[in-house]
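At position 23 of the sequence shown (counting the first as 1) the number is 593 in the numbering used here, and the numbers step up by one without a gap. Worksheet for the structure shown next.
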Amino acid sequence: MFETGKVKWYNECKGVGFITPDAGGEDVPFRLPAMHAAGIKTVAEGQRLAFEARIGNRGLEAVAIKLA
């Protein structure tokens, strides 16, 4: 199930960023492969995204994202 939130920050060089969920809670990291899978080339701070988060090897992470 997709949640919504805003991009807190994104480092284009490292290909990693964080989403602040609208529902509250901890910020959720996302990585370049999730963006590429959605056809998203870049994001800006404050941009709205829908995301699906799961717990993986690195902890909680957005595994699927799309523009909201």
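Virtual Cβ for every residue (Gly too), placed ideally from N, Cα, C. This one's a predicted model, so the numbers in the text were calculated from it and none came from an experiment.
In the DSSP assignment, Ala607 falls within the alpha helix (DSSP H) that extends over 602-607. Shown here for Tyr580: same chain residues with a beta carbon closer than 6 Å to its own, the five before and five after excluded, namely Gly587, Val613 in chain order. Under DSSP, Asn627 takes part in no beta bridge, so it has no partner. DSSP, reduced to helix, strand and coil, places Gly587 within a strand of the structure shown. DSSP places Glu615 outside any beta strand (DSSP E), giving it a letter other than H or E.
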